[in-house]
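A short write-up of the structure that comes next.
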Amino acid sequence: MKGTNRLATIKQLLLNDKKVLVSDLSQKFSVTEETIRRDLEKLEAENFATRTYGGAVFNGEEIVSNIPFYKRAEKNFEQKQNIAIKTVQLLKNKSTISADSSSTVMETLKLLKDRNDLTIVTNSTEALRELMLSSVNILSTGGMFNKQSLSLQGTLAEQSISNYNVDTAVISCKGLDIVTGITDSNEDEAKLKTRMISQATEVILLADSSKFSKKAFVHLTNLSNITTIVTDKEPSKEWISYLKNNHIQLIC
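In terms of our numbering, the sequence shown opens at residue -8 and continues consecutively.
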């Protein structure tokens, strides 16, 4: 098997199994373990995998965090619109909100264009573009521009968020787990969202149903810091019971 075909097969194995062993791949492809190690080096250089002792693991969350904003915005688009419509109802009587740079939150902001009584603090540059001609008052955090996520990050952005107390923080995440809490894939974004949470009277988490009982790389916050979770369909009975017992409102 040619090297390019072997790499493609190894990628598929990583996608399916999340990890591979050098010894297994050596046998499977009838090549030396040194050849497999060189293959894994190439995949690590692409940020597709991380080499470990005796093999490699799939960089699933790292890859997700590096997908350009517009590509992410296309994924589960109908679910995001569904969540956005429900969220707007919760923001009717709010005058100040903070909003992260996620594609789900962006769908919500699009529905707030006619609100001349609303001020939004955000690190999303896409929000600035989308709301440029709207009636909404926008405060940008400033900071280092991330071209992939279309967001502003870093110390300046964090300090800026700390200057404003808002009624509601509207954020999204990569995963929710009853034990681990809320997780994300990008540490810089997670820091900003944590700061937004600390400056808000209430916190609305937008999460489509695929994110329940899923863990991502970076711990964002505990579920106890969330006021309301808005999702596209009802989660499991275990989740419903947990949220009810912990006084977290569920909108689905």
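All residues carry an ideal CB built from backbone N, CA and C; glycine is no exception.
A quick note: this is a predicted structure, and the numbers were derived from the prediction, not measured.
Candidates the options, of which the one nearest residue i by Cα
| i | options | result |
| --- | --- | --- |
| Ser131 | Ala118, Ile217, Lys138 and Ser125 | Ala118 |
| Asp108 | Met123, Leu82 and Glu98 | Leu82 |
| Lys77 | Ile220, Pro226, Val22 and Lys182 | Ile220 |
| Glu69 | Glu25, Lys206, Leu241 and Ser200 | Ser200 |
| Ile282 | Asn154, Lys206 and Ala75 | Only positions -8 to 243 of the chain appear in the structure, and residue 282 is not among them; the question remains open. |
| Ser93 | Phe208, Val11 and Lys184 | Lys184 |
| Lys138 | Met123, Glu149 and Asn114 | Asn114 |
| Asn156 | Ile111, Glu225 and Ala(-1) | Ile111 |
| Asp223 | Glu149, Asn67 and Tyr233 | Asn67 |
| Arg29 | Arg(-3), Gly145 and Phe136 | Arg(-3) |
| Val22 | Gln3, Gly(-6) and Tyr44 | Gly(-6) |
Residues of its chain near residue i, where Cβ-Cβ distance is below 6 Å and the 5 sequence neighbours each way are ignored
| i | result |
| --- | --- |
| Leu34 | Ala40 |
| Ile27 | Val13, Leu16 and Ser17 |
| Lys202 | Gly166 and Leu167 |
| Pro226 | Phe203 |
| Ser125 | Lys104 |
| Lys205 | Gly166 |
| Leu4 | Val11 |
Through-space distance from residue j to residue i, alpha-carbon basis
| i | j | result |
| --- | --- | --- |
| Leu103 | Val79 | 7 Å |
| Arg106 | Ala160 | 17 Å |
| Ala36 | Ile1 | 15 Å |
| Val289 | Ala181 | What the structure shows of the chain is the stretch from -8 to 243, and residue 289 is not part of that stretch, so it cannot be assessed. |
| Leu141 | Arg120 | 10 Å |
| Cys243 | Leu100 | 19 Å |
| Gln72 | Thr95 | 8 Å |
| Ser151 | Glu25 | 50 Å |
| Thr218 | Ile239 | 5 Å |
| Glu32 | Arg42 | 7 Å |
| Asp179 | Tyr233 | 29 Å |
| Glu149 | Asp91 | 12 Å |
| Leu241 | Ser176 | 24 Å |
| Gln235 | Leu6 | Contrary to the premise, residue 235 reads as Lys rather than Gln in this sequence. Going from the Cα of Lys235 to the Cα of Leu6 covers about 35 Å. |
| Ile231 | Asn38 | 37 Å |
| Met123 | Gly145 | 23 Å |
Sequence-distant residues of the same chain with beta carbon closer than 8 Å to residue i, five excluded per side
| i | result |
| --- | --- |
| Asp158 | Lys85, Ser86, Thr87, Ile88, Ala191, Thr192 and Glu193 |
| Asn213 | Gly172 and Ile173 |
Cβ distance (whole Å) where residue i is taken to contact residue j below 8 Å
| i | j | result |
| --- | --- | --- |
| Leu147 | Thr116 | About 14 Å separates the two Cβ atoms, so there is no contact after all. |
| Ser153 | Arg186 | 6 Å |
Other residues of its chain near residue i: CB distance less than 7 Å, five sequence neighbours each side excluded
| i | result |
| --- | --- |
| Gly46 | Lys10, Val11, Leu12 and Val13 |
| Asn216 | Ile188 and Val194 |
| Ala198 | Ser163, Cys164, Leu167, Ile220 and Thr222 |
Cβ-heavy atom distance, residue i to the ligand PLP, below 7 Å
| i | result |
| --- | --- |
| Phe208 | For the structure depicted, the ligand PLP is absent and the ligand set is empty, with no information on it obtainable. |
Any chain C beta carbon closer than 8 Å to residue i
| i | result |
| --- | --- |
| Arg42 | Protein chain content of the structure displayed is limited to a single chain, and chain C is not contained in it. |
- Task: May I ask you to verify whether the region 122 to 141 touches the region 164 to 176, counting CB pairs closer than 8 Å and requiring at least 3?
- Result: They do not touch, by the three-pair rule.
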